[in-house]
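Peer 1: Chains as they are written, first to last, in this note's numbering: chain A, 1 to 248; chain B, 1001 to 1356.
One structure is given below, represented as structure tokens, and several questions about it will come after.
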Amino acid sequence: MRILGFICVFGLMLSCKNEKVDEPIPTPENQIKVTVQPYFGSEKLYLDSIFTFSDGNQIKFTDIKFYFSELTNDNSVQLIDAAFFNYRQKGISFISKPGNYSDFSTLKGFLGVHNDNHKDPSAFPNDSPLNIMNTDGMHWGWNPGYSFVQIEAKADTLNDGNLNFDHTIVFHVGTDQFLQNVNYSNLNWQSIGNYTHQLAFKLDMKEVFEINSQPINIKTEFMTHSSAGQEALSLKVIQNFKTALNPM
Amino acid sequence: MKSVFLLFIGIIIFLSCKKEKVGHQTTPYVLEIPSHFPSMIIPEDNPMTVEGVALGRRLFYEKMLSGDNSMSCASCHSPSAAFSDTAQFSTGIDKQKGTRNSMALFNLGWQNYFFWDGRSATLEEQILQPVPNPIEMHQSWKDAVSKLSADISYKNDFFFAFNTKEFDSTHVSKAIAQFLRTLISGSSKYDVMYKHSNNMTLSTSENITLQTVTPEEWAGYDLFKSLNGADCFHCHNGPLMQVEKFSNNGLDASFTDIGRGAITNNSNDNGKFKVPSLRNIALSAPYMHDGRFQNLDQVINHYSNGVQQSATIDPKMEFAFQGGVQLDTQQKSLLKAFLITLTDYEFINNPKFKAP
């Protein structure tokens, strides 16, 4: 009788045991992070804050955005097909993905969108920075493609002691002719935790405007959408931007 | 004794191992997403089902959701007005008025923020608000749910949709959210123009529509897109006809409603509102967050020469320094002709979206 009871209880246990799955301990994946910190000269740049140019003009940036595409090392190992920097929405973070930093002591690719520029912006996967849902106004409605760099700001060019930021600066540079090659070597990846390495870029917005070789005079050069007649400023903006963006 | 004991044990085994009773199986709902649209992200905890959508539709038109059974969601979101309200400010059940114009409802599955100030991040969360709002439907969720529970057919509908006999406000909001996600508008004349300009294959009926696009409509489209013309494209573009962000389009020099600023507590956001889609715009008058403009002519006049400078005006209002884009009479009428191509009659007349 006791045995019978025992068997029953045992049976009960067996019959109801859930299939137990033994989870393997996941091997941690190596992670790569790339950040971009905007500066104004030596000061960290914050959106909507006032910064002063060497000539006394003052500026408040409201948006700084750009794309990199087809970033690879020298042997065509790809880091990422497209990355979108959007200071207002994502802060300094730019790229974050699994990978070995040691594969990428050099990086080359494009400032702007290369092969994908004229594809259907709705057809990219949901998590792609090129999917129309993730572009935050960086797309021109398919045919012309993506803006490569967008800088928006308001300036006070009067220097009269009254703060009045009513001078608008809108630089939207895109279209294939303004695509820029980028090439960075001897990259200085820093370990930030056991499995993550980080590469930090510095973007000096003061340099974008004041660079010696081709400074931008915001009183007269304050708007481009890369359309016909705006080539000179478009080229200046994207070249200066490229010069002002460097790994730290 | 022995057999009783065995029987007893047997029953225990039987009971303890009984699988949880399998309830009703829901049927997955397949969304019809236009070919030029991005895919829609559906929240994992609220998959689309035929039963959920049907229930959501019923609830959207259900007056029991309001305190005195006089008002449903559709009272302020009427299908004939692209699911918005033709009144400047909607009147709630207690005859009180709000300070914001009702919003047109379509393509909500692609929105990241809801309300003019974006205070809700999900549709499910958004839907919980109008029922208890004292100037809208003014009824506690407890009362709303108990009214619905008293109706056997609702009990059944909730059971079929969510497999539960005890439903609450979260089930109501999930069902309505499912219905709202089906309100897809992507078959206007503009869509054919968009697809044609981008070399997408058109169906036979789209090709017929294409032939009906007038030179004025094409010219209006060009003007709309031209950054030296009407300059609308910066904020209203793409398949959704909107860029998802908050912006100050120069309505006022100083603000009575600070909009987004009240949500972020950042004065740099004062006077910014959600950029609305311009789809079905001819049907959803009056316009702007406070319904200040009665018709499209007034809107066009605003952008043409009524733009007000302020600290937070969007830099993309590039011609603000001269009061706007300064269109002449002919350009205004071309622009208006284009805006009317955004009306999607297939959407408006879709029987699946009307009261069940």
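Cβ atoms here follow ideal geometry from the backbone N, Cα and C, with glycine treated the same way.
Please report the straight-line C-alpha distance between Gly1323/B and Thr1312/B, rounded to a whole angstrom.
Peer 2: Near 15 Å, if we compare the C-alpha coordinates of Thr1312/B and Gly1323/B.
Peer 1: Is Asn240/A helix, strand or coil by DSSP?
Peer 2: Here Asn240/A sits in helix by DSSP.
Peer 1: Where do the N-terminal and C-terminal ends of the alpha helix (DSSP H) with Pro1356/B fall, by residue?
Peer 2: Run containing Pro1356/B: none; DSSP gives neither H nor E here.
Peer 1: Distance, Cα to Cα, Asn246/A vs Gly99/A?
Peer 2: Taking the straight line joining both Cα atoms gives about 21 Å.
Peer 1: Quick check: is any heavy atom of the ligand SAM less than 8 Å from the C-beta of His225/A?
Peer 2: The ligand SAM is not part of this structure, which contains no ligands at all.
Peer 1: Once you ignore the five residues that flank Val9/A on each side, which residues in its own chain have a CB closer than 8 Å to its CB?
Peer 2: In this prediction, Val9/A scores a pLDDT of 49, lower than 50, which makes its location untrustworthy; the coordinate-derived value is nonetheless stated afterwards. Around Val9/A: no qualifying Cβ.
Peer 1: Taking the alpha carbon of Leu71/A as the reference point, which residue from Leu45/A, Lys44/A, Phe104/A, Gly91/A has its own alpha carbon closest?
Peer 2: With distances taken between Cα atoms, Leu71/A lies closest to Phe104/A.
Peer 1: CB Phe241/A to CB Phe66/A, shorter than 9 Å?
Peer 2: A contact, by the Cβ cut-off of 9 Å.
Peer 1: Could you pull the DSSP bridge partners for Met223/A from this structure?
Peer 2: In the DSSP output, where bridge partners are listed per residue, Met223/A has Val170/A.
Peer 1: Over what stretch of residues does the beta strand (DSSP E) that includes Glu1124/B continue unbroken?
Peer 2: Here Glu1124/B belongs to no beta strand (DSSP E); instead the alpha helix (DSSP H) covers 1123-1127.
Peer 1: From Thr1099/B, Phe1162/B, Phe1353/B, pick the residue whose C-alpha is nearest to that of Thr1256/B; which is it?
Peer 2: Cα-wise, what sits closest to Thr1256/B is Thr1099/B.
Peer 1: Between the Cα of Gly112/A and the Cα atoms of Phe84/A, Asp120/A, Gln37/A, which residue gives the shortest distance?
Peer 2: Nearest C-alpha to Gly112/A: Phe84/A.
Peer 1: For chain A, is any of its Cβ atoms less than 9 Å away from the one on Ile1041/B?
Peer 2: True, the Cβ-Cβ gap to chain A drops below 9 Å.
Peer 1: Against chain B, which members of the stretch 212-228 of chain A pass a CB distance test of less than 8 Å?
Peer 2: Within the stretch 212-228 of chain A, the residues whose Cβ lies closer than 8 Å to some Cβ of chain B are Met223, His225, Ser227, listed in chain order.
Peer 1: Using a Cβ cut-off of 9 Å, pull out every chain A residue sitting near Ile1309/B, in sequence order please.
Peer 2: Just to set this straight, residue 1309/B is Gln in the shown sequence, not Ile. Those within 9 Å of Gln1309/B in chain A are Asp166.
Peer 1: Using 9 Å as the limit for Cβ to Cβ distance, is Cys1076/B near chain A?
Peer 2: Chain A contact via Cβ: absent.
Peer 1: Taking Gly56/A as the reference, give the member of Asp156/A, Tyr146/A, Asp204/A with the closest Cα.
Peer 2: Cα-wise, what sits closest to Gly56/A is Asp156/A.
Peer 1: Give me the residue from Phe1160/B, Phe1224/B, Lys1274/B with the minimum Cα distance to Ala1104/B.
Peer 2: If we check each option's Cα against that of Ala1104/B, Lys1274/B comes out closest.
Peer 1: Please work out which residues of its chain come closer than 8 Å, Cβ to Cβ, to Trp142/A, disregarding the five sequence neighbours upstream and downstream, and give them in chain order.
Peer 2: Closer than 8 Å at the Cβ level, and outside the excluded window around Trp142/A, lie His118, Asp120, Pro121.
Peer 1: Shorter than 9 Å from the beta carbon of Lys1274/B to some beta carbon of chain A?
Peer 2: No - not a single Cβ of chain A is within 9 Å of the one on Lys1274/B.
Peer 1: Between which two residues does the alpha helix (DSSP H) harbouring Ile151/A extend?
Peer 2: From DSSP, Ile151/A is part of no alpha helix (DSSP H) but of the beta strand (DSSP E) over 147-156.
Peer 1: Mind checking Leu163/A: buried by the 16 CB within 10 Å criterion, or exposed?
Peer 2: With fewer than 16 other Cβ atoms within 10 Å, it is exposed.
Peer 1: With Leu1227/B and Ile1281/B assumed to form a contact (beta carbons below 8 Å), what rounded beta-carbon distance in angstroms separates them?
Peer 2: About 20 Å; that fails the 8 Å criterion.
Peer 1: Got a sec: which bits of the stretch 1320-1343 of chain B sit with their beta carbon under 9 Å from any beta carbon on chain A, in order along the chain?
Peer 2: Taking 9 Å as the Cβ-Cβ cut-off against chain A, the residues of the stretch 1320-1343 of chain B that qualify are Ala1320, Phe1321.
Peer 1: Contact criterion: CB-CB distance below 9 Å. Does Ser1197/B meet it with respect to chain A?
Peer 2: For Ser1197/B, the answer is yes, since a Cβ of chain A falls inside 9 Å of its Cβ.
Peer 1: Looking only at its own chain, which residues have a Cβ that is under 6 Å from the Cβ of Lys1225/B, when we skip the five neighbours before and after it?
Peer 2: Hits under 6 Å: Phe1233.
Peer 1: Return the chain-ordered ranges of every alpha helix (DSSP H) run that is complete within the stretch 1216-1246 of chain B and spans a minimum of 4 residues.
Peer 2: As far as the stretch 1216-1246 of chain B is concerned, it has no whole alpha helix (DSSP H) run of at least 4 residues.
Peer 1: Classify Asp1344/B: buried if its beta carbon has 16 or more other beta carbons within 10 angstroms, exposed otherwise.
Peer 2: Asp1344/B should be labelled buried.
Peer 1: Taking buried to mean at least 16 other C-beta atoms within 10 Å of its own C-beta, is Asp1314/B buried or exposed?
Peer 2: Looking at its Cβ environment, which holds 16 or more other Cβ atoms inside 10 Å, Asp1314/B is buried.
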